[in-house]
Each structure stands twice: as structure tokens, then as C-alpha cells.
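All residue numbers for the sequence shown refer to this note's numbering, where the first residue is 831 and numbers rise by one.
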Amino acid sequence: VGGEGLQFLASQTGISDADELKKHVLAIQAKAYQVIAYPCIRIFGFTKLRMAGLPAYSQIKTLLHERPEAILLDLGCCFGTDIRKMAADGFPVQNLVACDLYRGMFTKLR
Numbered sequence: 831v832g833g834e835g836l837q838f839l840a841s842q843t844g845i846s847d848a849d850e851l852k853k854h855v856l857a858i859q860a861k862a863y864q865v866i867a868y869p870c871i872r873i874f875g876f877t878k879l880r881m882a883g884l885p886a887y888s889q890i891k892t893l894l895h896e897r898p899e900a901i902l903l904d905l906g907c908c909f910g911t912d913i914r915k916m917a918a919d920g921f922p923v924q925n926l927v928a929c930d931l932y933r934g935m936f937t938k939l940r
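Have a look at this one:
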């Protein structure tokens, strides 16, 4: 985890100390991997900001601001890191929908 991903995790968790943040991420990874052994969890894929790095990200942002009825659907979202980043970047939360194949990602990791 590094760069923008690390900054985003720190802002979302309120953990500013790098060592404490690392411990937190490791604990979440271990707990999540017990729920379902997704490869993306094993390799810390949930810490990466994939959508924000896409060339179309600014176009999507513009579309969601210009068209109030537009909806963004994130399928296979795992912990919803990308959709959380979109909300943090000002996307209207009522226009963001995220789902994963396994419901436990949202209910068992609280």
C-alpha cells in the first residue's frame, strides 16, 4: 500500500500513524480472508484505488455531476474501496451502488 491508496485509507480510518495503519490493514485482511478467500484479499487488492486511476474517471465524474439521474454501479466491489473513494471525491452518494458476490463482505466485517 502506498501513495494515494495509503492517504485514502488513512483519511477513511482516521489512522495517521503508518505502523498503526499497516496493523489495521493486516487485521482486516486476516479477518476478511477467513470470511472468503478471495485472491484480491490475499494480495491486498482492496487497498488499491483502481477506478480513480482510470483515464475515464474524470469523464465519469463530469457525467454524474451533469446528469443527476446517472447511476454508477460497482460490481464485485469487495470492501467498496473504489466507491468510497468516489463518494469522498464528491460523487453524489445517492447515485452510487456497490455489490459483491458475497454478502459477508458488508455484514461480517463490521
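Beta carbons: idealized from backbone N, C-alpha and C, even for Gly.
Length of the line joining the Cα atoms of residue i and residue j
| i | j | result |
| --- | --- | --- |
| Asp-912 | Leu-905 | 11 Å |
| Ala-840 | Leu-894 | 26 Å |
| His-854 | Val-923 | 26 Å |
| Phe-876 | Tyr-932 | 15 Å |
| Phe-838 | Arg-914 | 9 Å |
| Asp-930 | Met-881 | 16 Å |
| Phe-909 | Ser-888 | 22 Å |
| Glu-899 | Asn-925 | 7 Å |
| Leu-836 | Gln-842 | 10 Å |
| Gln-859 | Gly-883 | 23 Å |
| Cys-870 | Gly-844 | 24 Å |
Beta strand (DSSP E) segment containing residue i, residue limits
| i | result |
| --- | --- |
| Leu-926 | 926-929 |
Residue range of the unbroken alpha helix (DSSP H) whose run includes residue i
| i | result |
| --- | --- |
| Arg-872 | 869-872 |
| Phe-838 | 833-843 |
| Leu-865 | It is worth fixing the name first, because residue 865 is Val in this sequence and not Leu. That run of the alpha helix (DSSP H) goes 848-865. |
Whole-Å CB distance - residue i paired with residue j, under 8 Å assumed
| i | j | result |
| --- | --- | --- |
| Leu-903 | Glu-834 | Incorrect: roughly 23 Å between the Cβ atoms, too far for contact. |
| Leu-891 | Asp-847 | As written in the sequence, residue 891 is Lys, which differs from the Leu given in the question. No, Lys-891 and Asp-847 are not in contact; Cβ-Cβ is about 31 Å, not under 8 Å. |
| Ala-928 | Cys-907 | 4 Å |
List in chain order: all unbroken beta strand (DSSP E) runs of 3+ residues lying wholly within the segment 884-921. Positions of the beta strand (DSSP E) runs, each at least 3 residues long and wholly inside the segment 884-921, are given as 902-905 in order along the chain.
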